[in-house]
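Down below is the structure, laid out as structure tokens.
The structure is reproduced here in structure tokens:
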């Protein structure tokens with residue numbers, strides 16, 4: 001069994017590598033026909049958004065826990081569908097595989113899949129009639 005002494009955050013190269021990954025990923029997101037309109041409607045300041053998302057990811061992968069906010073709840077009103085999750089995860093996997101070593105890429109994709117599962121569950125539970133104002 002393989003064990004790692006460094007957190008995933010350090011193994012990918014820390015914040016600089018995380019920001020690079022996010023810049024490339026969101027460049028692809030902004031070009032994707034299914035999910036670009038969702039982000040275009042919500043994100044006005046891309047550099048600030050990337051910093052906030054880097055804060056979020058940092059804490060998830062063993063770096064500094066800098067994110068403050070309710071990430072899942074910000075997604076509930078977006079009317080996300082399975083095709084949006086599939087596009088998001090596909091772009092994430094492609095970018096991770098292009099920029100990271102295979103082991104770290106697989107771990108980053110696994111974290112994203114867990115995020116997707118959690119968001120799907122939260123959205124499903126809060127999309128039922130009478131639960132959302």
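Residue numbers (the numbering used here): 1 to 133. Even for Gly, the Cβ is constructed at its ideal location relative to N, Cα and C. From a predicted model like this one, the values you see are computed outputs, not experimental measurements.
Quick check on the DSSP output: the alpha helix (DSSP H) that includes residue i runs from which residue to which?
{"i": "residue 115", "result": "102-126"}
{"i": "residue 42", "result": "36-42"}
{"i": "residue 10", "result": "8-11"}
For residue i, is the classification buried or exposed, using 16 other Cβ atoms within 10 angstroms of its Cβ as the cut-off for buried?
{"i": "residue 63", "result": "buried"}
{"i": "residue 41", "result": "exposed"}
{"i": "residue 168", "result": "Here the chain covers residues 1 to 133 and nothing more, so residue 168 does not appear."}
{"i": "residue 48", "result": "exposed"}
{"i": "residue 124", "result": "exposed"}
{"i": "residue 27", "result": "exposed"}
{"i": "residue 46", "result": "exposed"}
{"i": "residue 105", "result": "buried"}
Where does residue i fall in DSSP's three states?
{"i": "residue 26", "result": "helix"}
{"i": "residue 55", "result": "helix"}
{"i": "residue 84", "result": "helix"}
{"i": "residue 69", "result": "coil"}
{"i": "residue 90", "result": "helix"}
{"i": "residue 136", "result": "The question about residue 136 has no answer here: the residues shown for the chain are numbered 1 through 133."}
{"i": "residue 79", "result": "coil"}
{"i": "residue 16", "result": "helix"}
{"i": "residue 64", "result": "coil"}
Three CB pairs or more closer than 8 Å across the segment 10-23 and the segment 89-107: yes
Would you check if the segment 101-114 and the segment 24-33 touch, i.e. whether three or more CB-CB distances between them fall below 8 Å? No, the segment 24-33 is not in contact with the segment 101-114.
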